[in-house]
Amino acid sequence: MSDVVWGCVHRDVVDLLADRPVDVPAVVDHLTKLQDLLDRRSSSEDTCPLAVFNRLYLTITERVLEGLYEGFFSDVVFLSRLDVEFAARYFDALRLWTDSSSRCPKAWSCLFQRMQGPDVRPLPSAAAGINAHINYDLPFALVSTFDSLESEPVDGSEQHNDYLKINDIFAAAIPSLRRGYLDHWQLVIDVLNGDVDDWYQGELVEYVRDVAWRNAKKIWRCRNDRAAHEQERLRLDNHAELLGRLLLSPLGAYLQ
Amino acid sequence: MINDVDGAPLVGRAESLEAIRSTLASTGQGQPTAVFLTGESGVGKSRLLREVGSELRDAGALLLTGACLDIGDASPLHPLRQALRRLDTELTTGPPNASSALRGLLGVFADQASGPDGAGALLEQVSHGLHLIAGGRQLVLILDDLQWADRSTRQLLLYLLAGLGDLHLSVLAAVRAESLQGAHPLRRMLTELRRLRTVRVLDLAPLDRAATEQLAAAVAGEALPTAAAEQLWQRSGGNPFVVEELARDLRDGRVGLSDTLREIFLTRVEALPPDAHAVVYAVAVGVEPVAHWLLAKVVRLPEDELIDAVREAVAHRLLVSADEGYRLRHRLVAEVLEAELLPVERAALHQRYAQALTGAHAELHQARLAYHWRLAGEPVRALPAAMAAAEEAERLHGYVEAHRHWSTAVQLAETSAVGATADRMMLLERTAEAAHHCGEHARALALLEEVTADAAQPACGLSIRRARYLAAAGRSALAEAEYQRALAAADCTPRQRATITAHLAELLLHLGRYADAGARAREALELADAVAGSTSEVVLASAALGFSEAFREDPEAGLAVVRRALDTAERSGRPEDVACAYLHLAELLTGPLNTLEEGVVVARRGAERVAELGLGRTYETRLLAIAINGLFRVGQWAEAEKVAAAALRHRPSGADAVEVLLARCRLSVGYGDIEAADRDLDAVATLCAGGGARHVIPLLTLRAGLAMWQGRHDLARKAVQRGLTESRSDDLVILAALIWHGLRAEAEAHASRSISVDETAVRRLREAADRVAHRAGTAARPVRSVVEAFLALCAAEVSRINGNDPELWARSVAEWDRRNHPYPATYSRLRQAEALLARRSRSTKAGKLLRQAYQSALGLGAVPLTAEIKTVAGRARVALAERGAAAGSPTTSTPAAGGELAALTAREREVLAAVAEGLTNKEIGQRLFISERTIGVHVSHIFDKLQVRTRVQASAILLRSQPPDAH
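Heads up: the protein sequence lines correspond to chains A and B, in order. The opening position of the first sequence corresponds to residue 102 in the numbering used here, with each subsequent residue numbered one higher. The opening position of the second sequence corresponds to residue 5 in the numbering used here, with each subsequent residue numbered one higher.
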């Protein structure tokens with residue numbers, strides 16, 4: 102039954118996901134291989150929303166890797182760990198979806214479900230992927246990273262600055278998203294978050310990434326308290342799912 | 005029996021069982037093995053643990069079985085203590101020495117007193133205790149619900165898995181998959197461990213359709229009709245626990261309308277008589293296992309009625325009874341039932357538990373009391389219990405757990421009921437201190453902020469603490485400002501002034517402001533002179549002064565200051581002061597001053613001295629690590645190996661253990677002992693899975709070096725690439741060594757044509773080298789000097805890819821000879837000779853270089869390097885055996901004995917002497933404190949150097965060359 106999840110490339114995807122990348126070069130390698138498989142799976146490259154998201158994510162990760170090699174960041178250790186932890190969550194979601202597990206985060210499964218659908222609009226779908234990855238995965242990746250480095254999230258620290266530098270990479274990588282949809286996105290996000298004050302520059306990624314940083318600080322405080330941590334996780338999952346569903350709804354078409 | 009927990013057969017798990025068995029059986033060289041089972045609740049993890057456990061027990065293994073608790077970080081090492089107590093009750097009939105070892109270990113937990121290296125010492129005592137209990141048998145540690153493990157338990161696990169405990173150990177643990185989402189610390193730990201050869205992480209999936217039907221048929225006693233089977237498959241989703249319960253309902257004719265576990269169990273609870281009903285809910289609220297006496301006090305039934313009620317609950321498959329008490333059939337059941345209680349009912353039950361526990365002592369006494377009183381809504385009574393639990397945790401160095409208990413106490417104190425009775429300041433301060441100890445620096449600072457807000461406290465003391473926390477959090481600039489503020493405080497005593505100034509000097513040194521550091525240090529020394537009993541300050545300030553002078557190119561003056569500090573410490577200081585002074589002196593000599601021989605002597609003398617003072621574990625290990633690295637660099641590898649063995653006999657833990665293991669691994673890579681190097685690298689990776697990013701780069705550099713000797717240039721390239729993307733830009737020396745390994749891998753790939761050269765990688769490495777060179781321009785002279793030597797190697801490797809310029813290699817030889825590091829110098833000589841030979845010119849010079857390199861490599865015992873020299877010499881028809889050419893070499897450590905044994909290292913001569921006595925490799929290993937395998941390596945080196953094939957021939961040469969009076 103689960104053999105059809107990835108169609109003709111199912112076996113290859115399963116094999117790819119069995120391996121877990123532990124450094125940034127390996128993450129890039131992994132995303133590249135996954136891209137090949139996703140492109141092979143669908144005939145025309147624009148019809149698979151996941152392929153569109155994956156390409157975007159691959160581009161961004163490649164630029165992060167370049168930045169690491171070129172000394173673009175001050176705390177390389179932090180940024181590498183973060184990149185690996187971050188990617189691990191995307192691969193986890195794919196793995197859980199492959200296993201048809203009920204534990205697949207809702208933020209992701211609402212996108213995965215759409216992969217076969219007839220009314221798929223790839224760009225909002227890719228945006229839904231970004232939403233799941235940043236709104237749901239990123240705060241946890243940050244917490245795990247700080248935990249493993251025996252450090253902690255502090256505003257204005259070297260790590261925080263490096264983290265913010267990624268915004269530039271995002272901005273450079275998704276000009277189409279920026280130009281085309283941001284005015285509309287702003288509306289959507291205002292409705293969902295309510296915190297209009299936080300909306301300072303009209304840049305989606307920067308905005309949600311800042312939310313992610315603040316959420317990470319929130320989770321950090323309760324990371325040793327299982328009940329509170331689980332509550333926070335569910336809250337983020339629900340929130341990201343809601344936003345994801347909205348992006349994938351007919352309203353999403355309006356964005357395109 | 006009424007307890008048919010394992011009544012149903014194990015279905016659909018043959019593959020998993022096989023995988024567990026084969027992983028646990030792969031315990032090749034006595035390395036610990038581990039299997040982690042992950043999967044959702046009810047998927048059968050605990051069942052598999054029991055199954056494998058009893059198999060191993062039947063095969064003669066000693067089992068220790070514990071489960072982690074979900075009441076928060078209950079108490080450090082709780083699951084292990086529980087396992088030991090269980091074994092204790094089992095062992096009453098067993099061998100008496102195991103039993104007394106067990107009591108001894110349990111006693112350790114009861115009496116452990118805080119010491120300077122408490123946490124590490126506790127790990128050592130625990131592993132030693134386990135060693136005694138196991139008595140040579142295989143020890144199997146089975147841990148259920150590992151997702152709830154406290155940090156101390158996780159650290160112990162890593163320590164044991166790294167093989168530091170000297171145990172024949174297997175670990176078998178179950179982890180709930182749902183908890184691995186989010187930011188659970190086990191998540192990362194398992195990702196790291198997954199990569200080791202001795203660890204397996206198995207994900208247990210739900211059963212498939214066929215296995216589901218097989219299980220259902222086994223429980224029901226007959227195959228289910230198609231419709232029922234279909235329905236059961238739909239409802240259970242293949243979860244064996246649910247399948248079993250549903251099938252049982254079907255068999256017993258209960259109408260199965262229930263679609264969820266919640267419904268299944270609630271129906272069953274409703275069918276219970278009132279007393280049994282009460283028992284089940286009481287257990288659901290308690291901390292499992294709930295002892296019989298405790299249950300009796302909570303449900304308040306006469307003994308006979310209570311027993312009937314329990315019987316009833318067990319018969320309905322809700323409760324399970326074991327020696328130590330009752331628990332619900334499954335955690336899932338507890339979760340269902342707990343959610344059903346009204347808040348008032350729950351509070352009332354907690355109240356009864358708390359009251360019952362107040363009168364009688366139980367396991368995890370204070371933590372449980374605090375838990376129950378808090379949930380009973382009685383903060384006044386919960387507060388003292390929380391404080392006691394915190395202090396208990398601190399005693400066992402479980403600062404994370406302590407921090408949680410203190411935080412609870414602060415919260416409790418904030419409720420209006422407690423109000424004025426609690427000393428809020430004291431609670432905040434202790435919480436802050438615990439937070440600081442477990443690395444929660446921001447939290448510690450925030451708590452301190454609260455203290456300051458409403459404090460009539462002396463301002464200076466608080467400022468010092470804040471500065472200490474800031475410095476620990478790596479926020480040096482803020483820490484400096486805070487120390488300044490402390491100095492300016494009106495209530496600053498002369499003693500405090502000396503302390504602050506000494507710490508400031510140290511901080512400035514780390515910030516690279518050597519002149520300021522020196523000035524502050526002098527000031528601190530003056531201040532400390534005026535205050536009696538401030539030896540610690542003298543030592544700290546002297547070290548800061550010594551290093552800053554050395555960095556500012558007046559090494560002699562710096563050295564004199566640190567030597568004087570050692571004298572002062574010996575005269576009037578605490579043992580720690582003496583140890584610190586030795587440490588600083590040895591670091592100064594082997595670090596910036598590069599007077600390695602003297603540094604090694606000081607480190608070893610210091611190690612002996614601190615052992616006398618009773619600080620063996622921490623300071624002695626650290627001093628010995630300095631000695632090993634120094635000996636490695638000056639080329640006395642056999643001696644370094646001996647010291648490493650001695651250092652590891654202390655069973656160091658944490659960063660100390662990592663240092664020694666890395667140092668030993670460096671030796672193994674040099675010797676070409678691949679197995680030993682791999683084992684040490686795995687051990688380091690295991691220890692680093694608990695945190696410790698700063699050791700990653702040396703680890704990756706060694707991996708790359710090892711991969712190159714194996715001809716795996718692709719693996720070496722990968723390791724270096726990872727290192728480049730993860731190395732801190734301010735660790736210039738470590739980074740330079742890594743870059744050299746990367747360029748060397750590309751150059752060797754080019755030379756051997758194993759893989760094609762990656763031009764992008766070369767470009768990146770060259771850019772990285774340029775950045776290092778640029779930054780080294782502003783670094784202290786001693787740092788610059790080492791970096792330049794590595795950069796010389798880098799430049800030469802680059803030329804090896806295009807053209808190979810012998811002049812660049814000659815420069816590298818000169819750099820390393822100047823620093824008196826024979827290993828890289830020898831390597832550079834080989835390459836210089838190779839480059840000369842490739843130009844078909846000056847082959848006399850090349851021959852001389854090769855002979856020199858050969859002698860030096862033989863002297864070191866560097867097998868792979870020697871082999872390469874031989875290959876090159878063979879190709880060029882250069883005879884290496886000509887002695888005399890080596891006499892001019894500045895790099896060989898001239899062996900004492902002459903004649904045919906001249907080529908042997910001191911260690912090899914020791915081994916040869918033992919061979920001549922007729923000892924086996926194993927016996928020699930025991931005598932010399934090194935592994936049997938290493939002896940094997942030595943013996944093959946000896947054969948190689950003496951050009952013999954048997955032990956008898958080797959012994960004959962030894963006897964022949966001994967002076968006559970030795971007979």
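Think of the CB as a built atom: it goes at the ideal place given N, C-alpha and C, for glycine as much as any other residue. The model shown is predicted, which means the values in this text are computed figures rather than measured ones.
Skipping 5 residues on each side, what residues in its chain have a beta carbon closer than 6 Å to that of residue i?
i, result
"His131 of chain A", "Pro122"
"Gly295 of chain A", "Residue confidence is low: Gly295 of chain A scores 37 on pLDDT, short of 50, so the model does not pin down where it sits. No coordinate-derived value is stated."
"Glu2 of chain B", "In this structure chain B extends from 5 to 971, so residue 2 of chain B is not present and cannot be described."
"Ala438 of chain B", "Tyr403, Ala406, His407, Trp410"
"Val337 of chain B", "Phe269"
"Ala119 of chain A", "none"
"Leu869 of chain B", "Ala861"
"Leu28 of chain B", "Thr37, Ser174"
"Val110 of chain A", "Leu138, Arg141, Arg142"
"Val565 of chain B", "Ser546, Leu549, Gly550"
Leaving out five residues before and five after residue i in sequence, what residues of the same chain have Cβ atoms less than 8 Å from its Cβ?
i, result
"Pro520 of chain B", "Checking the displayed sequence, the identity of residue 520 of chain B turns out to be Asp instead of Pro. Excluding residues within five positions, the ones whose Cβ falls inside 8 Å are Leu512."
"Asn339 of chain A", "Lys207"
Secondary structure at residue i, three-state DSSP: helix, strand or coil?
i, result
"Asp148 of chain B", "strand"
"Asp299 of chain A", "Any answer about Asp299 of chain A is weak, because its pLDDT of 37 lies below 50 and its placement is not dependable; what the coordinates show is given next. Note: Asp299 of chain A maps to helix in three-state DSSP."
"Val324 of chain B", "strand"
"Ser174 of chain B", "strand"
"Asp207 of chain B", "strand"
"Asp116 of chain A", "helix"
"Leu41 of chain B", "strand"
"Trp15 of chain B", "Here residue 15 of chain B is Val; the residue named in the question, Trp, does not match the sequence. Val15 of chain B falls in the coil class under three-state DSSP."
"Thr572 of chain B", "helix"
"Gly70 of chain B", "strand"
"Val291 of chain B", "coil"
"Leu332 of chain B", "strand"
"Val566 of chain B", "helix"
"Val700 of chain B", "helix"
"Val688 of chain B", "helix"
"Leu950 of chain B", "helix"
"Val919 of chain B", "helix"
"Leu619 of chain B", "coil"
Quick check on residue i - is its C-beta less than 7 Å from some C-beta in chain D?
i, result
"Pro122 of chain A", "Of the chains in the structure shown, none is chain D; the protein chains are A and B."
Quick one: residues in its chain with C-beta nearer than 7 Å to the C-beta of residue i, no 5 flanking neighbours on either side, listed in chain order?
i, result
"His445 of chain B", "Tyr473, Ala476, Ala477"
"Arg955 of chain B", "Val919"
"Gly618 of chain B", "Pro579"
Are the stretch 718-730 of chain B and the stretch 749-768 of chain B touching by the rule of at least three beta carbon pairs closer than 8 Å? Yes, the stretch 718-730 of chain B touches the stretch 749-768 of chain B.
Closer than 7 Å between beta carbons: that is the criterion. Which residues of the stretch 177-192 of chain B meet it against chain A? The residues in question are Ala181, Glu182, Gln185, Gly186, Ala187, Pro189, Arg191, Arg192.
May I ask you to list, following chain order, the residues of the stretch 723-757 of chain B that have a beta carbon less than 8 Å from some beta carbon of chain A? For the stretch 723-757 of chain B, the set of positions with a beta-carbon nearer than 8 Å to some beta-carbon of chain A reads Gln725, Arg726, Leu728, Thr729, Glu730, Ser731, Arg732, Ser733 in chain order.
Looking at chain A, which residues of the stretch 36-65 of chain B have a Cβ within less than 9 Å of any of its Cβ atoms? Within the stretch 36-65 of chain B, the residues whose Cβ lies closer than 9 Å to some Cβ of chain A are Glu44, listed in chain order.
Closer than 7 Å, Cβ to Cβ, to anything on chain A: give me those residues from the stretch 394-415 of chain B, in chain order. Flagged, chain order: Val404, Arg408.
How do the stretch 487-506 of chain B and the stretch 539-553 of chain B stand: do at least 3 beta-carbon pairs fall below 8 Å, yes or no? Contact between the stretch 487-506 of chain B and the stretch 539-553 of chain B is present, because at least three Cβ pairs lie under 8 Å.
Short of 8 Å Cβ to Cβ, which residues in the stretch 348-381 of chain B face chain A? Within the stretch 348-381 of chain B, no residue qualifies.
List, from N- to C-terminal side, the beta strand (DSSP E) runs of 3 residues or more that fit wholly inside the stretch 753-820 of chain B. For the stretch 753-820 of chain B, not a single whole beta strand (DSSP E) run of length 3 or above is found.
If we count Cβ pairs, one from each stretch, closer than 8 Å, do we get three or more for the stretch 599-612 of chain B versus the stretch 826-839 of chain B? Contact between the stretch 599-612 of chain B and the stretch 826-839 of chain B is absent, because fewer than three Cβ pairs lie under 8 Å.
Taking only runs that begin and end inside the stretch 511-546 of chain B, name each unbroken alpha helix (DSSP H) of 4 or more residues, in chain order. Unbroken alpha helix (DSSP H) stretches of 4 residues or longer found wholly inside the stretch 511-546 of chain B: 518-533, given in chain order.
The stretch 429-462 of chain B: which residues have C-beta closer than 9 Å to a C-beta of chain A, in chain order? Listed by position along the chain: Gly443, Glu444, His445, Ala446, Arg447.
Taking contact to mean at least 3 C-beta pairs separated by less than 8 Å, is the stretch 88-97 of chain B in contact with the stretch 612-630 of chain B? Contact between the stretch 88-97 of chain B and the stretch 612-630 of chain B is absent, because fewer than three Cβ pairs lie under 8 Å.
Secondary structure, alpha helix (DSSP H): runs of 4+ residues fully inside the stretch 816-877 of chain B: Here the runs fully enclosed are 826-842, 847-864.
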